[in-house]
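Here this note's numbering is used: the first residue of the sequence shown is 1, the next is one more, and so on.
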Amino acid sequence: MVESETLSPTANEALVKVALAGVNFIDVYHRRGQYPLPLPSGIGLEGIGEIVSIGKAGGDFKVGDRVFWTSALGSYAQYVNVPIDQLTVIKPELQLTNEQLLPLLLQGMTAHYLVNSSYQVTGEDTVLVTAAAGGVGQLVVQLLKDKGATVIACASNSNRAQYAKNLGADFVGIYDQIASLVAEVTKGLGVDVVYDSVGKDYFDVCLATLKDNGMYVLCGAASGPVPPLDLGRLSTKSLAIRRPTLGSYARTQDDRIARLEDLTNLIRAGKLKYPSAKAFPMDKTKEAHDLIESRTYSGKIAIDPWL
Ligand code: NDP
Numbered sequence: 001m002v003e004s005e006t007l008s009p010t011a012n013e014a015l016v017k018v019a020l021a022g023v024n025f026i027d028v029y030h031r032r033g034q035y036p037l038p039l040p041s042g043i044g045l046e047g048i049g050e051i052v053s054i055g056k057a058g059g060d061f062k063v064g065d066r067v068f069w070t071s072a073l074g075s076y077a078q079y080v081n082v083p084i085d086q087l088t089v090i091k092p093e094l095q096l097t098n099e100q101l102l103p104l105l106l107q108g109m110t111a112h113y114l115v116n117s118s119y120q121v122t123g124e125d126t127v128l129v130t131a132a133a134g135g136v137g138q139l140v141v142q143l144l145k146d147k148g149a150t151v152i153a154c155a156s157n158s159n160r161a162q163y164a165k166n167l168g169a170d171f172v173g174i175y176d177q178i179a180s181l182v183a184e185v186t187k188g189l190g191v192d193v194v195y196d197s198v199g200k201d202y203f204d205v206c207l208a209t210l211k212d213n214g215m216y217v218l219c220g221a222a223s224g225p226v227p228p229l230d231l232g233r234l235s236t237k238s239l240a241i242r243r244p245t246l247g248s249y250a251r252t253q254d255d256r257i258a259r260l261e262d263l264t265n266l267i268r269a270g271k272l273k274y275p276s277a278k279a280f281p282m283d284k285t286k287e288a289h290d291l292i293e294s295r296t297y298s299g300k301i302a303i304d305p306w307l
């Protein structure tokens, strides 16, 4: 933790006083150097806060606006300059505290685009979800159930699998059971789509669970990147693979607002439940990272830089 001068925003930025920053797995990759950053560098990408000054190209934003963002490096700090095109004004009608709202940002909008846009799930689909007790996974499971899909959810141990079951998953198991569970539930036919956040460790197993014309969606790579693939492997069942990213599905403020509104309507209808964010002070950032890496916690982890 270091003290540094607050830099004025450039023309295309706003200076934001951070109220709550999100801790995400990508921050761990940054800290470890798996995704190298130019050093010295701040850490953290996501947050909620209040605009305190705006660059010349500030558009419709005003000083005092309550805003969120998911892609501004250095967000664990008390102040951060956020590119204007990354900012979204939080409408007062949302009526969510920072702790309630934070899990709906990177994770909530990701879960939303995964089931609505990267593949459009219907009630006819049978879907396999890995890392189903994680932040994205637990929301994906509930959004899938809202669409009437049949959900097979997997996690690393039976407690975490049970967590997904309690959220509505129809069938649950641990990763080593993926192949047998899918074969049993689908009577050998396979699933329509896989949402896989684990990556390397179970890629081959997940790909093999798909039915003809099925789609494998690589949402994240918590166990490491999937090695290069011979596209010929897709031909026997005409499979498709997608490697989506939130940036492409929430490019504009309107996209982000629409996804958030959908999510908050589901919350109000009692169809989407999740724990509020757990906030750590800045000098306990190591504990926050230890917790996310421990794979024992299912809620959103946050840094409150003013605690
Ligand atoms: P969480 O930390 O909440 O969940 C990740 C889960 O991955 C863990 O809880 C763990 O559950 C599982 N996991 C499996 N293997 C490992 C491993 N080797 N090390 C650590 N965890 C492992 O993260 P999120 O839900 O926020 O994110 C899930 C994934 O999605 C991440 O990889 C993240 O980078 C990615 N992501 C992708 C986005 C996109 O647009 N494509 C946007 C946001 C996140 P268990 O122990 O049950 O296996």
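Backbone N, C-alpha and C define an ideal beta-carbon position, used for all residues, glycine too. In this text, all values refer to a predicted model and were calculated from it rather than measured experimentally.
Limits of the alpha helix (DSSP H) - the one that residue i falls within
| i | result |
| --- | --- |
| residue 60 | Counting along the chain, residue 60 falls outside any alpha helix (DSSP H), and DSSP gives it neither H nor E. |
| residue 131 | Counting along the chain, residue 131 falls outside any alpha helix (DSSP H), and DSSP gives it neither H nor E. |
| residue 254 | 253-268 |
| residue 247 | 246-249 |
| residue 160 | 158-166 |
| residue 185 | 178-185 |
| residue 100 | 98-101 |
Contact check, residue i vs residue j, beta carbons under 8 Å
| i | j | result |
| --- | --- | --- |
| residue 268 | residue 113 | no |
| residue 221 | residue 200 | yes |
| residue 73 | residue 49 | no |
| residue 107 | residue 80 | no |
| residue 127 | residue 191 | yes |
| residue 279 | residue 20 | yes |
| residue 13 | residue 55 | yes |
| residue 53 | residue 9 | yes |
| residue 302 | residue 18 | no |
| residue 153 | residue 121 | no |
| residue 164 | residue 183 | no |
| residue 181 | residue 216 | no |
| residue 102 | residue 271 | no |
| residue 70 | residue 246 | yes |
| residue 237 | residue 204 | no |
| residue 289 | residue 16 | no |
Minimum C-alpha distance to residue i - residue among the options
| i | options | result |
| --- | --- | --- |
| residue 210 | 104, 284, 101, 185 | 185 |
| residue 138 | 149, 169, 70 | 169 |
| residue 274 | 14, 140, 76 | 140 |
| residue 193 | 119, 95, 243 | 119 |
| residue 100 | 68, 246, 231 | 68 |
| residue 109 | 291, 255, 294, 301 | 255 |
| residue 262 | 146, 202, 203 | 146 |
| residue 228 | 243, 307, 90 | 243 |
| residue 291 | 32, 11, 25 | 25 |
| residue 293 | 104, 98, 32 | 32 |
| residue 176 | 159, 183, 202 | 202 |
| residue 265 | 104, 284, 304, 163 | 104 |
| residue 214 | 94, 198, 234 | 234 |
| residue 88 | 51, 123, 124 | 51 |
| residue 225 | 196, 47, 250 | 196 |
| residue 85 | 94, 158, 98, 57 | 57 |
| residue 95 | 66, 76, 123 | 66 |
| residue 5 | 142, 167, 77, 39 | 77 |
| residue 282 | 298, 297, 276, 305 | 305 |
| residue 40 | 277, 1, 198 | 1 |
| residue 90 | 206, 219, 47 | 47 |
| residue 155 | 144, 75, 297, 307 | 297 |
Those residues which DSSP pairs with residue i across a bridge
| i | result |
| --- | --- |
| residue 81 | 15 |
| residue 32 | Beta-bridge pairing links residue 32 to no other residue. |
| residue 288 | None; residue 288 has no bridge partner. |
| residue 66 | 50 |
| residue 22 | 46, 302 |
| residue 126 | 150 |
| residue 320 | As displayed, the chain neither begins before 1 nor continues past 307, which places residue 320 out of reach and without an answer. |
Residue range of the unbroken beta strand (DSSP E) whose run includes residue i
| i | result |
| --- | --- |
| residue 213 | 210-218 |
| residue 195 | 191-196 |
| residue 110 | Where residue 110 is concerned, there is no enclosing beta strand (DSSP E), although the alpha helix (DSSP H) it sits in stretches over 110-113. |
| residue 240 | 240-242 |
| residue 150 | 150-155 |
| residue 281 | 278-281 |
| residue 323 | Past the boundaries of the shown model lies residue 323; the chain is included only from 1 to 307, so the question cannot be answered. |
| residue 2 | Unbroken run through residue 2: none, as it is neither H nor E. |
| residue 173 | 171-174 |
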